[in-house]
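So this is what it looks like as structure tokens:
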């Protein structure tokens with residue numbers, strides 16, 4: 001064998017050894033990744049939806065519970081509410097129910113002041129598609145509050161229950177911002193914004209609002225309001241004129257909402273479930289809920305910090321940034337189907 005052949009053999013052997021080492025490292029990394037995933041699942045639980053039986057019964061006929069708690073915002077929002085709202089998980093729950101032929105009805109429990117215009121519309125659309133595509137009834141049980149966007153997502157239900165104490169209504173749109181141009185003037189600070197058009201910094205708090213800006217923003221809000229009125233009109237089978245008479249942003253308690261035609265019956269969640277069973281012959285149906293299960297460790301301070309370090313859970317600062325993006329800021333206000341301002 002000449003020198004060239006020996007060189008070729010040497011290169012081939014080197015490549016073979018290198019590929020073996022690489023394969024070994026890859027297997028090791030895969031094994032370590034699988035082990036880390038298993039540890040994380042043990043510590044925090046799985047991020048997969050699982051079915052929990054709330055009331056036993058026939059597994060061939062099920063009633064699924066969907067729970068809307070907290071401000072309706074993108075992602076996991078709800079930082080300033082007592083409950084955690086996770087928009088993506090809710091949409092996943094609806095899809096899981098949609099794929100289950102055994103689910104014959106849905107009870108939607110609503111406890112929210114509303115939220116983003118887009119998120120409210122997206123959730124309402126998903127619920128309506130579930131209702132129509134699967135041809136199953138959706139009953140709504142309003143708890144403490146189902147205002148603005150909370151009513152928006154409820155409007156197309158087959159029947160709406162609320163308690164006497166429920167805060168509902170607040171049909172309308174709000175866009176809140178702060179104007180501190182007067183304060184800046186007193187401090188001798190001037191706005192030095194450079195822009196391509198007169199309306200490019202519309203809503204800025206550093207200078208007085210112009211009449212043209214006010215008209216543009218009002219038209220934008222009116223457009224969103226008319227969509228809301230249309231949703232209520234279609235869902236409650238009322239004319240838009242009838243809806244507008246009761247949709248000036250005011251809130252109603254349960255009895256007032258019943259008198260206005262915004263709900264169908266007074267009752268708590270258990271009474272809504274009982275009525276749903278009776279109305280559709282589902283007395284023996286299982287009552288289930290689809291949700292992501294987390295371990296007790298995940299809810300502790302140490303668990304949350306460890307999850308943040310691993311990048312499995314957003315930090316407090318990133319949660320605040322996500323919330324501000326979803327609800328808007330004084331510099332970039334956002335239209336909201338929301339009760340109580342921003």
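Numbering (UniProt numbering), first residue to last: 1 to 342.
We treat Cβ as the ideally placed atom computed from N, Cα and C, and that holds for glycine.
Alpha-carbon spacing of residue 165 relative to residue 148, whole angstroms: Going from the Cα of residue 165 to the Cα of residue 148 covers about 16 Å.
The stretch 82-99 in contact with the stretch 57-71 per 3-pair CB rule at 8 Å: Per the Cβ contact rule, the stretch 82-99 is in contact with the stretch 57-71 (3 or more Cβ pairs under 8 Å).
Sequence-distant residues of the same chain with beta carbon closer than 6 Å to residue 203, five excluded per side: Excluding its 5 nearest sequence neighbours in each direction, residue 203 has C-beta neighbours in its own chain below 6 Å: 177, 333, listed in chain order.
Exposure of residue 199, with buried meaning 16 or more beta-carbon neighbours within 10 Å: That one is exposed.
Whole-number beta carbon distance between residue 254 and residue 157, since they are thought to touch under 8 Å: Incorrect: roughly 15 Å between the Cβ atoms, too far for contact.
From 61, 182, 222, 97, residue whose alpha carbon lies closest to that of residue 335: Nearest option by C-alpha distance: 222.
Run of the beta strand (DSSP E) containing residue 64, from where it starts to where it stops: In the DSSP annotation of this structure, the continuous segment of the beta strand (DSSP E) that includes residue 64 starts and ends at 58-69.
Touching by the beta-carbon criterion (3+ pairs, under 8 Å), the stretch 234-243 and the stretch 87-102: With the rule of 3 Cβ pairs closer than 8 Å, the stretch 234-243 does not count as touching the stretch 87-102.
Alpha-carbon to alpha-carbon, residue 263 and residue 338: One C-alpha to the other measures close to 19 Å.
Residue 183 versus residue 214 - alpha carbon distance: Going from the Cα of residue 183 to the Cα of residue 214 covers about 21 Å.
CB of residue 169 within 8 Å of CB of residue 252, strictly: Yes, the Cβ-Cβ distance between residue 169 and residue 252 is below 8 Å.
Cβ neighbours of residue 272 in the same chain (closer than 7 Å, five flanking residues each side left out): Contacts found: 107, 139, 141, 161.
Cα-Cα separation between residue 205 and residue 266, rounded to whole angstroms: So the alpha carbons of these two residues sit roughly 44 Å apart.
Bridge partners - residue 49, DSSP secondary structure assignment: Its beta-bridge partners are 292.
Residue 189, buried or exposed, once every other Cβ within 10 Å from all chains shown has been counted against 16: Classification for residue 189: exposed.
Own chain residues within Cβ distance below 6 Å of residue 167, not counting five before or after: A distance below 6 Å between beta-carbons, with the five flanking residues on each side excluded, links residue 167 to the following residues of its chain, in chain order: 145, 147, 251.
Classification of residue 53 by the beta-carbon crowding that lies within 10 angstroms, buried from 16 upward: Taking every protein chain shown into account, the CB of residue 53 has fewer than 16 other CB atoms within 10 angstroms, so this residue is exposed.
Member of 245, 276, 116 whose CA lies at the smallest distance from the CA of residue 229: Here the closest residue by C-alpha is 245.
Among 110, 56, 129, the one whose alpha carbon lies nearest that of residue 151: Distances from the CA of residue 151 to each of 110, 56, 129 were compared; the closest alpha carbon is that of 110.
Helix, strand or coil at residue 333 [DSSP, three-state]: Correct three-state label for residue 333: strand.
Sequence ranges, alpha helix (DSSP H) only - wholly within the stretch 250-278, length at least 4: Complete alpha helix (DSSP H) runs here, min 4: 254-260.
Span separating the alpha-carbon of residue 249 from that of residue 281: Taking the straight line from one Cα to the other gives about 38 Å.
As assigned by DSSP and simplified to three states, the class of residue 41: Residue placement at residue 41 is poorly supported in this model, since its pLDDT is 48, which falls under 50; the coordinates are not used for a value here.
Anticipated Cβ contact below 8 Å, residue 292 with residue 89, distance rounded: Confirmed, Cβ separation roughly 6 Å.
Between the CA atoms of residue 118 and residue 258 - distance to the nearest angstrom: The alpha-carbon atoms of residue 258 and residue 118 are separated by roughly 27 Å.
Simplified DSSP assignment, three categories, for residue 55: Residue state, collapsed to three classes: strand.
Residue span of the beta strand (DSSP E) that contains residue 203, given as start and end: Residue 203 -> no beta strand (DSSP E), and no H or E assigned at all.
Cα-Cα separation between residue 256 and residue 243, rounded to whole angstroms: Between residue 256 and residue 243, the C-alpha separation is close to 14 Å.
Paired residues, beta bridge with residue 116 - DSSP: When DSSP reads this structure, residue 116 sits in a beta bridge with 336.
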